Amino acid sequence: VSIDSIIEKGESDELEFKSTYQWNLETNQTDKNLVQAILKTIAAFSNTDGGTLLIGVNNNGEIVGLEYDYKCLNKGYDKDMFELVLRNAIESSFGTTFASRKIKTEFHEINEKEICKIDIEKNDELLFLEVKDKNDNKKKEAFTRVGNASKILDPEEIVKYSEENF
């Protein structure tokens with residue numbers, strides 16, 4: 001299946017587009033909330049049936065590319081450094097075993113712009129992500145895919161969801 005045909009399908013329960021990894025296109029600066037949104041998507045896919053995340057593609061399927069994110073990197077503008085930063089975030093959030101066994105990354109060039117394709121496999125157990133609330137307190141949350149969105153599982157749903165899906 002070509003990357004173009006994947007993009008043409010549009011977002012779904014198994015496909016998500018993100019314009020950038022950490023560069024906010026509206027404020028023109030790095031934004032940790034964007035990284036958090038990517039990690040939530042990865043957790044949601046792994047807790048459902050797996051899926052594909054494309055970074056460098058906006059919600060309309062238009063190619064933004066990774067150039068903005070490359071410019072955020074301290075050590076250079078390339079996909080190797082981008083992949084290292086991305087994998088470090090995944091590993092520190094979900095562990096080395098998950099990062100090495102359930103995540104596959106590829107880079108594709110479309111219209112002279114690079115995008116990153118992340119394939120996420122369904123995990124063997126419910127995956128939690130540590131997030132900060134409005135008061136900067138850390139807590140662990142579980143996410144799932146509902147249609148084309150990542151949703152938080154309510155605490156009372158977690159046990160039932162885990163029993164039914166893992």
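The numbering of the sequence shown is the UniProt record's numbering, which starts it at 1 and goes up by one.
Built from N, CA and C at the ideal position, the CB exists for glycine as well.
Keep in mind that this is a model prediction, so the values were computed, not measured.
- The Cβ atoms of Lys140 and Glu130 lie closer than 8 Å to each other.
- When secondary structure is reduced to three states using DSSP, Thr27 falls in the coil class, being assigned neither helix nor strand.
- Fully enclosed beta strand (DSSP E) runs of no fewer than 3 residues occupy 51–55 of the stretch 48–79, in order along the chain.
- In terms of CA proximity to Ser12, Thr52 leads the group Asp80, Asp154, Asn88, Thr52.
- The Cβ atoms of Gly56 and Glu114 sit closer than 8 Å to each other.
- If you ignore the 5 residues before and after Asn74, its C-beta comes within less than 6 Å of no other C-beta in its own chain.
- Across the structure, Tyr21 and Val35 are spaced so that their CA atoms are roughly 6 Å apart.
- Here the C-alpha atom of Ser46 lies approximately 30 Å from the C-alpha atom of Asn111.
- Membership of Val159 in any beta strand (DSSP E) is not indicated; the residue belongs instead to the alpha helix (DSSP H) covering 155–165.
- In this structure Ala44 touches Phe143 by the C-beta definition: roughly 4 Å separates them, less than 8 Å.
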